[in-house]
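As structure tokens, the structure follows; a few thoughts come after it.
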Amino acid sequence: MIRNFLIGTALAALVAPAVHAAPAAPQKALEGTVRAEGLLPVHVDRDRGRILLSLPAPDADGIAGRFLYATALRTGVGSAPIGLDKALNGPTQILVFRRIGGKIAVEFENPRFRATGAPAPEQAAARDSFAYSTIWMGDVAGTEAGGRLLVDISGFLTRDVIGIADALKRGGAPGFKLVDALSAADPAAMKVFPDNIELEARQTYASETPGEEIANIAPDPRQISLVVRHSLIRLPDAGYQPRRFDPRAGGFASQAVDYAVPLGSPIVYDLANRFRLEKLDPAAPRSKVKKPIVFYIDRSAPEPIRSALRDGVAWWAKAFEAAGYEDAFRAEILPEGADPLDVRYNVVNWVNRATRGWSYGQVIADPRTGEIVKGSVLLGSLRVRQDMLIFEGLVGADKVGSGGPDDPTQVALARLRQLAAHEVGHALGLVHNFAASTQDRASVMDYPAPRIGLKDGMPDLSDAYGVGVGRWDLFAVDWLYGAPAPGEDADRAAAAKAAAMQAAGLRFASDGDARAVDTSHRWASLWDDGADPVAELNRMMAVRRAAIGHFGLAALHPGEPVSNLRRKFVPIWLLHRYQVEAAAKLIGGVDFAYAVRGDGHEVAQPVPADAQAAAIDALIATLSPEALTVPAGLLPLMSAGKEGNDDRQFDIEVFANAGGPIFDPLAAADAAATVTLNALLAPERLTRVARQDGPGVAGLIDRLTAAVIDNRPGELGRRVAWRTLLTLAATARDGDSDPGVAALIEDRLAGIATRLAKVSGATADAAWSRSTGRLLQDRGALDKLAAAQSKVSRVPPGMPIGGGESDWMALP
């Protein structure tokens with residue numbers, strides 16, 4: 135009887151409605167506050183630093199509101215390696231407020247795991263099988279009429295929601311922790327709109343070991359302060375049509391793990407990220423839209439940069455026109471007084487850093503559907519100045535302001551237009567296409583090398599950058615945004631468009647198959663150009679010779695320190711570095727597509743042996759004395775003294791000197807040789823060479839050593855030979871090297887050691903030979919040198935600087 139009573143009592147408790155404490159009178163909680171109406175009523179108490187949300191009355195599950203939640207940095211650190219830039223977004227979450235007794239919990243839901251369209255029990259099973267995250271809990275401050283709940287969320291706003299401390303640590307600034315006593319929500323910064331609420335907190339992080347990067351920036355490196363933006367956003371209305379991701383077209387996507395799909399269908403799929411774009415007349419082939427996509431240019435970008443950015447962004451209008459939309463995309467200047475972080479505006483933000491860094495496009499997207507609700511682009515302000523530096527080195531500083539086709543200012547602005555289009559492409563949902571450069575600028579989503587010609591023996595910049603979006607971009611926008619015909623299945627229509635891209639012969643290769651120096655895709659490279667990577671490398675070497683031959687004081691403005699020649703010389707000397715990597719992709723390379731069954735592109739094909747042999751020869755040619763000799767007339771000019779405060783940007787972007795300001799031509803040769811050798815002897819590349827019926831690893835190494843070790847004229851030749859031997863040794867010891875390849879390299883090194891050790895005579899070359907031979911035979915000493923060889927040759931940064939995307943042409 136007692137047992138039955140207890141069971142009955144327990145069951146009654148389970149089914150009875152939740153009982154909370156008696157509602158608190160809101161008057162006391164609201165004393166000193168000012169009410170603002172919008173997405174939610176917000177009560178702000180500036181004097182006491184309080185921000186009270188008025189939440190809807192909770193439902194049966196205690197839910198008192200569900201929103202998109204996004205965060206961003208309103209102020210940045212200003213460091214490219216650390217990457218905590220102004221306008222940087224944090225992850226987008228589905229946030230719910232849940233009442234639990236006298237508390238309000240803030241939770242992140244987990245919508246990736248789902249059972250779409252299934253009965254409620256199945257949906258609950260998918261939801262309840264996976265963890266959610268409770269990120270904050272606060273007291274119910276009062277209850278208003280209608281059961282609305284008041285909660286002071288000031289403490290919620292001061293958390294490290296973006297992961298600032300971790301980002302600082304990754305960027306070489308360890309030990310930073312959030313200081314609660316120096317952090318607070320800012321009631322004065324609150325903004326309330328019908329579809330979003332914008333809130334801010336000022337946060338301070340402290341460390342006793344801040345590191346060199348922070349010391350170069352902050353007034354007190356032990357304490358740095360940032361302003362963090364929090365956005366509560368109304369969930370998008372129903373009616374959005376998700377689009378299934380297609381690997382042939384690429385695009386950013388939100389992943390779903392859907393337990394309600396039919397048996398035999400994959401439960402994991404991706405939903406493409408894209409804006410909602412609806413025709414006013416869905417049946418018309420061409421129509422105006424209900425809500426155009428508008429990107430606004432940050433007013434802090436100065437002229438003529440601001441206009442160049444607007445012009446480049448506006449290129450996308452052509453792609454939307456081609457996809458059947460009228461006036462669906464626009465580029466405008468941000469209205470005066472508008473907040474760039476307000477989620478109602480898609481913004482191209484102008485960001486300053488202490489050193490040049492990367493740019494990027496980012497989105498706030500609904501993780502349930504992939505729908506983009508805000509696009510945000512970050513453009514680093516130093517990129518255009520770096521481009522100017524390169525172009526001045528190529529054609530002379532006297533061309534600045536001339537207005538001609540070789541005016542560095544005009545060429546840099548052309549690059550900015552392309553950059554703006556590229557980053558907005560990301561914010562529209564498009565990924566990189568690093569094969570587009572092999573098809574005559576088929577996409578702005580590639581990284582474009584400046585197309586430098588030769589005219590009367592001088593570098594010519596008249597065709598440095600293209601204008602407008604390319605053929606791939608037109609296809610990609612149509613695939614991502616094009617509307618199906620009435621009655622047509624949208625995913626099938628999109629798949630047909632992806633197949634049409636392939637049928638048109640357009641190539642596509644994204645980051646994973648392009649960024650690393652040893653990737654296998656024959657067409658996938660960054661900052662390359664031309665349909666034939668080897669022919670373009672040979673052409674680029676001719677351009678480089680001409681540029682080096684004409685380099686000198688003309689690269690400087692009147693009154694500019696002569697020491698700046700050392701910095702301007704680096705990108706000219708290494709002008710070929712990315713085309714070297716592109717040519718190397720042919721060696722052990724494979725031609726493959728992101729195919730699906732039935733599209734006719736399923737079979738991957740290795741690069742023909744003769745094309746691989748041509749690439750090997752072209753790369754070895756970049757190691758010749760002719761390619762690596764700095765003209766004697768330049769040496770005195772590039773040894774000028776440098777006085778004044780240290781400039782970190784200068785210090786990291788020059789070759790190692792021979793003591794003080796004295797330029798070391800062998801350090802420059804060593805750096806250029808390292809670029810080629812790292813590409814040619816990359817471990818995974820040699821593994822593929824060993825597997826293919828091509829030149830073979832033995833053939834490759836024998837051709838290299840015959841050209842560089844057996845033929846080593848003078849001190850320069852010995853320096854390049856030394857770098858080659860160390861790179862071979864490092865490759866043999868690399869954990870990614872195939873055991874058979876490593877054994878073959880060790881065998882070749884042993885043979886070289888024996889030959890060198892037997893060289894007789896009193897010449898400098900004979901002494902070098904015997905010393906090098908002994909080193910190659912001393913396993914322990916060689917192991918140490920091979921492990922450190924990447925540190926011995928300092929190649930000034932091209933891409934990246936401190937991680938992420940950055941470059942001379944700066945960047946994505």
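Residue numbers for the sequence shown follow this note's numbering, so the first one is 135 and each next one is one higher.
Don't be surprised by glycine CBs; every beta carbon is placed ideally from N, CA and C.
A quick note: this is a predicted structure, and the numbers were derived from the prediction, not measured.
Item: Let me check one thing: in DSSP terms, what residues is E505 bridge-paired to?; Value: R408
Item: Thinking L709 and V854 are a contact (beta carbons under 8 Å), I'd like their distance in whole angstroms, please.; Value: L709 to V854, Cβ: 18 Å. No contact.
Item: Kindly indicate which three-state DSSP category H364 falls into: helix, strand or coil?; Value: strand
Item: Which whole-angstrom value is the C-beta distance of G385 and V565, which I expect to be below 8 Å?; Value: 6 Å
Item: At 3 residues or longer, and completely inside the stretch 158-193: list those beta strand (DSSP E) runs for me, N to C.; Value: 168-170, 176-179 and 184-189
Item: With a 10 Å radius around its C-beta and 16 neighbouring C-beta atoms as the bar for buried, classify G722 as buried or exposed.; Value: buried
Item: What is the residue span of the beta strand (DSSP E) that D273 lies within?; Value: S267 to T277
Item: Using the Cα positions of G863 and D917, report the straight-line distance between them to the nearest angstrom.; Value: As written in the sequence, residue 863 is Ala, which differs from the Gly given in the question. Answer to the nearest angstrom: the Cα atoms are 8 Å apart.
Item: Suppose contacts are defined by Cβ-Cβ distances below 7 Å. Is V603 in contact with E557 by that definition?; Value: no
Item: Drop a sphere of 10 angstroms on the beta-carbon of K589, count the other beta-carbons inside from all chains shown, and report buried for 16 or more, exposed for fewer.; Value: exposed
Item: Determine the contact status of T338 and V313, defining contact as a CB-CB distance below 7 Å.; Value: yes
Item: So A628 packs on W613, CB below 8 Å; how close in whole Å?; Value: 6 Å
Item: Contact criterion: CB-CB distance below 7 Å. Does G693 meet it with respect to chain B?; Value: In the displayed structure, chain B is absent; only one protein chain is listed.
Item: Could you tell me whether the stretch 491-504 touches the stretch 387-397, where touching means 3 or more Cβ pairs closer than 8 Å?; Value: yes
Item: Only counting the same chain, and skipping five residues up and downstream in sequence, which positions put a Cβ closer than 6 Å to that of L316?; Value: T338
Item: Suppose you measure from the CA of I682 to the CA of W856; what does that come to, to the nearest Å?; Value: 25 Å
Item: Taking the alpha-carbon of A805 as reference, which of P705, D415 and A352 has the nearest alpha-carbon?; Value: P705
Item: Thinking F310 and S341 are a contact (beta carbons under 8 Å), I'd like their distance in whole angstroms, please.; Value: 4 Å
Item: To the nearest angstrom, how far is it from the Cα of R464 to the Cα of G767?; Value: 52 Å
Item: Taking the Cβ atom as the reference point for each residue, do F429 and D404 lie within a distance shorter than 7 Å?; Value: no
Item: Which word fits V929, buried or exposed, when buried means at least 16 other C-beta atoms lie within 10 angstroms of its C-beta?; Value: buried
Item: Quick one: what does DSSP say W484 is sitting in, helix, strand or coil?; Value: strand
Item: Would you please state the rounded distance, in angstroms, between the beta carbons of D645 and S571? I believe it to be under 8 Å.; Value: Wrong, their Cβ atoms sit about 15 Å apart, outside the cutoff.
Item: Return the chain-ordered list of same chain residues with a C-beta closer than 8 Å to the C-beta of A191, the five sequence neighbours on each side being excluded.; Value: A198, G280, G281, R282 and L283
Item: According to DSSP, which residues form a beta bridge with K918?; Value: For K918, which the question treats as bridged, DSSP gives no partner whatsoever.
Item: Please list, in chain order, all residues of the same chain as R656 whose beta carbon is under 6 Å from its beta carbon, the five residues on each side excluded.; Value: K719, L720, G723, D725 and V741
Item: Is F568 near A648, with beta carbons less than 7 Å apart?; Value: yes
Item: Do A163 and A275 have their C-beta atoms within less than 7 Å of each other?; Value: yes
Item: Could you name the residues of the same chain whose beta carbon sits closer than 6 Å to that of D294, not counting the 5 residues immediately before and after it, in chain order?; Value: L312
Item: Locate the beta strand (DSSP E) running through M592, then write down its first and last residues.; Value: M592 to D594
Item: Using CA coordinates, which residue listed in G537, E470, I754 and G686 is at the minimum distance from L811?; Value: I754
Item: Under the rule that 16 or more other beta-carbon atoms within 10 Å means buried, what is I796, buried or exposed?; Value: exposed
Item: Between the stretch 359-376 and the stretch 203-210, do at least 3 Cβ pairs fall closer than 8 Å?; Value: yes
Item: Where do the ends of the alpha helix (DSSP H) carrying D836 lie?; Value: V831 to V842
Item: On the criterion of 16 or more Cβ atoms from any shown chain inside 10 Å, does A155 qualify as buried, or is it exposed?; Value: Low per-residue confidence applies at A155: pLDDT is 47, beneath 50, and the placement is therefore not dependable enough to give any value.
Item: Pull up the distance between the alpha-carbon of A265 and that of V178, whole angstroms please.; Value: 34 Å
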